[in-house]
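2 protein chains.
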Amino acid sequence: MDIKVYLHQKRALVDAALERFLPVADGPLARHVEAMRYSLLAGGKRVRPILCLAAAEALLPEGAAQLEPLLPAACALECIHTYSLVHDDLPAMDNDDLRRGKPTNHVVFGEAAAILAGDGLLSFAFELLADTGSSLPAEARLQAVRLLSRAVGPFGMVGGQVLDMENEGQEISFDTLRRIHSLKTGALITASVETGAVLAGAGREELSALAGYGRQIGLAFQIVDDLLNVESTTEQLGKAAGSDAQRRKATYPAFFGVEETRKRAHEAVAGALEAIAGFDQRAEPLRELARYIVNRKR
Amino acid sequence: MDIKVYLHQKRALVDAALERFLPVADGPLARHVEAMRYSLLAGGKRVRPILCLAAAEALLPEGAAQLEPLLPAACALECIHTYSLVHDDLPAMDNDDLRRGKPTNHVVFGEAAAILAGDGLLSFAFELLADTGSSLPAEARLQAVRLLSRAVGPFGMVGGQVLDMENEGQEISFDTLRRIHSLKTGALITASVETGAVLAGAGREELSALAGYGRQIGLAFQIVDDLLNVESTTEQLGKAAGSDAQRRKATYPAFFGVEETRKRAHEAVAGALEAIAGFDQRAEPLRELARYIVNRKR
Numbered sequence: 364m365d366i367k368v369y370l371h372q373k374r375a376l377v378d379a380a381l382e383r384f385l386p387v388a389d390g391p392l393a394r395h396v397e398a399m400r401y402s403l404l405a406g407g408k409r410v411r412p413i414l415c416l417a418a419a420e421a422l423l424p425e426g427a428a429q430l431e432p433l434l435p436a437a438c439a440l441e442c443i444h445t446y447s448l449v450h451d452d453l454p455a456m457d458n459d460d461l462r463r464g465k466p467t468n469h470v471v472f473g474e475a476a477a478i479l480a481g482d483g484l485l486s487f488a489f490e491l492l493a494d495t496g497s498s499l500p501a502e503a504r505l506q507a508v509r510l511l512s513r514a515v516g517p518f519g520m521v522g523g524q525v526l527d528m529e530n531e532g533q534e535i536s537f538d539t540l541r542r543i544h545s546l547k548t549g550a551l552i553t554a555s556v557e558t559g560a561v562l563a564g565a566g567r568e569e570l571s572a573l574a575g576y577g578r579q580i581g582l583a584f585q586i587v588d589d590l591l592n593v594e595s596t597t598e599q600l601g602k603a604a605g606s607d608a609q610r611r612k613a614t615y616p617a618f619f620g621v622e623e624t625r626k627r628a629h630e631a632v633a634g635a636l637e638a639i640a641g642f643d644q645r646a647e648p649l650r651e652l653a654r655y656i657v658n659r660k661r
Numbered sequence: 364m365d366i367k368v369y370l371h372q373k374r375a376l377v378d379a380a381l382e383r384f385l386p387v388a389d390g391p392l393a394r395h396v397e398a399m400r401y402s403l404l405a406g407g408k409r410v411r412p413i414l415c416l417a418a419a420e421a422l423l424p425e426g427a428a429q430l431e432p433l434l435p436a437a438c439a440l441e442c443i444h445t446y447s448l449v450h451d452d453l454p455a456m457d458n459d460d461l462r463r464g465k466p467t468n469h470v471v472f473g474e475a476a477a478i479l480a481g482d483g484l485l486s487f488a489f490e491l492l493a494d495t496g497s498s499l500p501a502e503a504r505l506q507a508v509r510l511l512s513r514a515v516g517p518f519g520m521v522g523g524q525v526l527d528m529e530n531e532g533q534e535i536s537f538d539t540l541r542r543i544h545s546l547k548t549g550a551l552i553t554a555s556v557e558t559g560a561v562l563a564g565a566g567r568e569e570l571s572a573l574a575g576y577g578r579q580i581g582l583a584f585q586i587v588d589d590l591l592n593v594e595s596t597t598e599q600l601g602k603a604a605g606s607d608a609q610r611r612k613a614t615y616p617a618f619f620g621v622e623e624t625r626k627r628a629h630e631a632v633a634g635a636l637e638a639i640a641g642f643d644q645r646a647e648p649l650r651e652l653a654r655y656i657v658n659r660k661r
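If you're matching them up, the sequences are chains B and U in order.
Numbered by the working numbering, the letters in the first sequence go through residues 364 to 661 in order.
Numbered by the working numbering, the letters in the second sequence go through residues 364 to 661 in order.
This is the structure we're talking about:
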C-alpha cells in the first residue's frame with residue numbers, strides 16, 4: 364500500500380465530514396461557528412481521526428469496511444484535539460501567535476471568543492460521539508464516550524497540560540517528562556485507536572493489543588514532535604520552531620541529545636508494530652501509519 | 364412536603380457524592396484537583412442535580428425510588444454548571460473576583476489553572492455520565508449524553524455565553540435577551556430535568572411534559588437571577604450585586620421594571636406547573652421546586 368495515497372484519501376474523507384457536521388452558520392452564532400471552524404479546518408494532518416478509522420479497518424471485514432458510521436467519532440477526536448490547541452495557545456497558557464502557519468484563534472477572534480470556541484468544540488465532540496453510528500450497539504458507543512472522556516479529562520490530556528504548565532522553566536526529571544507526554548499527547552492518541560476498535564466491535568484481546576499499539580504510537584509521536592521543534596524552521600512547522608528550548612521546556616533531545624532521541628522514537632515504533640503483530644493484512648494501514656509518524660517532517 | 368427539608372436532604376446526598384467522585388488527590392495532579400474542588404464544593408445550591416433527581420422521582424415507583432444509580436449523572440450536571448461559572452468569571456470574560464462569597468477560581472489558582480480546571484470539569488462530567496448506573500439501559504445512558512452535550516455545546520450554553528459577551532454594553536432587543544437566557548441558563552436546566560427523566564425510563568410523552576416544565580423553570584430561574592442582581596446586596600448574593608447594570612447588561616428589570624418582571628417570573632412558574640399537571644403526587648418535589656425557584660433570595 365502507498366501510505367501517502369491512504370493518508371490523502373482518509374484526510375479528504377475526514378475533512379468532508381467535518382465540513383458536513385459543522386457547516387457555516389447564519390444568524391447570531393455565525394461568528395462563534397466561524398471561530399470553531401477557523402481552527403478545526405486549518406489544515407490539520409487528521410492523525411487522530413485516521414488512527415481511529417485505521418483501527419476499525421483492522422477489525423472490519425476486508426473490502427466491505429463501512430467507515431461511514433464511524434465518521435462522527437473520528438471527527439469528535441479532531442474536535443477535541445483542536446480545542447486543546449486553541450486553549451493551549453491562549454495568552455494565559457503558552458501564548459502562541461502562530462499555529463499551522465496561521466495566526467492563532469485568540470489573535471483573530473479575541474481571547475474570550477477563543478476560550479468559548481474551545482469550550483464549544485469539546486462539547487460538540489461529545490455530541491458527535493453520542494450521535495455516532497446509530498447502527499452500532501449502544502453499549503459500544505457508550506464505551507467510546509467513557510474511554511474518550513477519561514483520556515481527555517483531568518487525569519488525562521487536561522492533566523498533562525496542567526503538569527506542562529506547572530513545570531515550565533523548571534528542572535524536571537525524565538519520569539515527569541514521560542508522564543507529561545503520556546497524558547498530554549499519548550492519552551488522546553491511544554484513545555483514538557481504542558475508539559475505532561471499540562466501535563468496530565473489538566474483543567477484549569484485540570482491544571488490549573490495539574491500546575498497546577496506541578500507547579507506543581503516542582510516545583513516538585511526541586518524541587518526534589520534540590525532535591521537529593529542535594530541527595525544523597518555523598516555516599516548515601507552521602508554528603514557532605525552537606520555542607521549546609526558548610521556554611526551557613524539557614524535551615527528549617534536551618535529555619538525550621538528537622541521536623539517542625531518534626533511536627528511542629524508532630524503538631517506540633517497533634513496539635507499536637510488535638503489539639499488533641498478530642493482526643492480518645487489514646492492519647497494514649496501522650503499520651504504515653506507525654512508520655509514517657516517525658518519519659514525518661511536520 | 365417541606366421543600367426546605369427536601370432541599371437539605373438532596374443537597375447532602377449530592378455533596379456527599381461529589382466528594383466521593385472527586386476526592387482530594389495526592390501526587391502531581393493534587394493542585395489541579397484542588398482547583399476543581401475549590402469551585403465545585405464552594406457551597407452551590409445544587410439546583411441542577413436536584414432537578415435531575417426530582418424528575419426521576421416523578422417517574423420511579425414511590426418509596427422505592429432508587430436514586431443511587433442516578434447520582435453520577437446528577438453530579439455531572441453540577442460539574443458542567445461549575446465549569447461554566449469558572450470560565451465565565453475569567454479576566455477575558457466577565458472578569459469577576461467574587462463568586463459564592465469566595466474569590467473566584469482564577470484569583471486563587473491563576474488564569475491558566477482556572478481555564479484548565481474548567482476544561483477538566485467539563486470532561487469529567489462526561490466521564491461521570493458514561494459511568495452512570497450500569498444497571499440502567501445503555502440506550503438511555505447514551506441518550507443522556509446526547510441531550511446534555513447538545514444543551515451545553517456551541518448551540519446551547521456555550522452559544523449563550525458567546526451572545527452574552529458579544530452583546531455586552533449594547534442596546535439589544537428583548538428577543539435577543541430571551542435567546543441569551545434560553546441558551547445560557549435555560550438549556551442546562553432543561554437538560555437537567557430531561558436527564559433525570561430519561562434515566563428513569565420516561566416515555567415519549569412524559570419526557571415532553573418534563574422538558575416543558577424544564578424550559579419554564581429555566582426561564583423563571585433566569586428572570587429571578589436578574590431581579591436578585593438588582594435588589595440584593597453583594598453579601599446576600601455572594602457575588603457582586605448590581606454588576607449587571609454596571610456593565611449595562613440587558614436584563615428583564617431593565618426592559619420591564621421590577622413589578623412586571625416579578626409577574627413574568629410567576630407566570631413562568633405557573634407554566635411549569637401546568638406542564639406537569641398530569642403527573643401524580645410523585646411530582647410534588649418538582650412542583651415545590653418551581654415555587655422555591657421564584658421565591659429564593661440568592
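Each residue gets a CB set at the ideal place from its N, CA and C atoms; glycine is no exception.
In chain U, which residues lie with their C-beta within 7 Å of the C-beta of residue i?
i: B:Phe-487; result: Gly-516, Pro-517
i: B:Gln-524; result: Leu-479
i: B:Ser-571; result: The premise fails here: B:Ser-571 is roughly 20 Å from chain U at the closest Cβ pair, so nothing lies under 7 Å.
i: B:Arg-400; result: Per Cβ cutoff of 7 Å: no residues; B:Arg-400 is ~10 Å from chain U at best.
Here's the rule: buried if 16 or more other CB atoms are within 10 angstroms of the residue's CB, otherwise exposed. What is residue i?
i: B:Met-364; result: exposed
i: B:Asn-458; result: exposed
i: B:Lys-373; result: buried
i: U:His-444; result: buried
i: U:Asp-588; result: buried
i: B:Val-387; result: exposed
i: B:His-395; result: buried
i: U:Glu-534; result: exposed
i: B:Gly-635; result: According to the sequence displayed, residue 635 of chain B carries Ala and not Gly. By the 10 Å Cβ count, B:Ala-635 comes out buried.
i: U:His-469; result: buried
i: U:Ser-447; result: buried
i: B:Lys-367; result: exposed
i: B:Ala-375; result: exposed
Check the Cβ of residue i against every Cβ in chain U and list those closer than 8 Å, keeping chain order.
i: B:Val-396; result: Pro-517
i: B:Ala-617; result: Within 8 Å Cβ-Cβ: nothing; B:Ala-617 doesn't reach chain U, min ~20 Å.
i: B:Leu-440; result: Those do not exist, as B:Leu-440 stays about 14 Å from chain U at its closest Cβ, beyond 8 Å.
i: B:Glu-502; result: Ala-501
If you draw a straight line from the alpha carbon of residue i to that of residue j, how long is it in whole angstroms?
i: B:Phe-487; j: B:Glu-569; result: 29 Å
i: U:Phe-618; j: U:Glu-531; result: 15 Å
i: U:Arg-659; j: U:Lys-408; result: 11 Å
i: U:Ala-583; j: U:Ala-475; result: 34 Å
i: U:Lys-626; j: B:Ala-393; result: 34 Å
i: U:Thr-708; j: U:Ile-586; result: Past the boundaries of the shown model lies residue 708 of chain U; chain U is included only from 364 to 661, so the question cannot be answered.
i: U:Ser-555; j: U:Arg-504; result: 13 Å
i: B:Leu-551; j: B:Ala-638; result: 18 Å
i: U:Ala-640; j: B:His-450; result: 46 Å
i: U:Pro-648; j: U:Leu-414; result: 9 Å
i: U:Ile-580; j: U:Arg-650; result: 10 Å
i: B:Glu-441; j: U:Met-456; result: 26 Å
i: U:Ser-571; j: U:Arg-578; result: 11 Å
i: B:Ala-418; j: B:Gly-566; result: 13 Å
i: B:Asp-538; j: U:Pro-391; result: 12 Å
i: U:Val-410; j: B:Arg-645; result: 51 Å
i: B:Ser-497; j: B:Ala-439; result: 15 Å
i: B:Arg-541; j: B:Gly-519; result: 13 Å
i: B:Asp-389; j: U:Ala-514; result: 19 Å
Output, in chain order, the set of chain B residues within a Cβ distance shorter than 8 Å of residue i.
i: U:Asp-494; result: Arg-509
So which residues on chain B does residue i lean against when the C-beta distance must stay under 9 Å?
i: U:Asp-588; result: Going along chain B, no residue has its Cβ under 9 Å from U:Asp-588, so there is no contact; the nearest lies around 20 Å.
i: U:Leu-381; result: Within chain B, no residue comes near U:Leu-381; the closest Cβ sits about 14 Å away, beyond 9 Å.
Using a Cβ cut-off of 7 Å, pull out every chain B residue sitting near residue i, in sequence order please.
i: U:Ser-512; result: Ser-486, Phe-489, Glu-490, Ala-493
i: U:Met-528; result: Ala-475
i: U:Val-521; result: Leu-479, Asp-482, Gly-483, Ser-486
i: U:His-450; result: Ile-478, Asp-482
Report the neighbours of residue i on chain U: residues whose CB is nearer than 9 Å to its CB, in chain order.
i: B:His-371; result: Near B:His-371 there are no residues of chain U at all, since even the closest Cβ is about 29 Å away, more than 9 Å.
i: B:Leu-453; result: Ala-455, Glu-474, Ala-475, Ile-478
i: B:Pro-432; result: Simply none; closest approach about 14 Å.
Tell me residue i's beta-bridge partners as DSSP assigns them.
i: U:Pro-466; result: U:Leu-461
Open item on the list: Any contact between the region 501-516 of chain U and the region 371-380 of chain B? By contact I mean 3 or more CB pairs, one from each, below 8 Å.
Closed with: no
Open item on the list: If contact is defined by three or more beta carbon pairs under 8 Å, each pair taking one atom from either stretch, is the region 511-527 of chain U in contact with the region 541-553 of chain U?
Closed with: yes
Open item on the list: Quick test of the definition: if touching needs 3 or more C-beta pairs under 8 Å, does the region 482-496 of chain U touch the region 466-486 of chain B?
Closed with: yes
Open item on the list: Check whether the region 549-559 of chain B and the region 416-426 of chain B are in contact - that is, three or more C-beta pairs closer than 8 Å.
Closed with: yes
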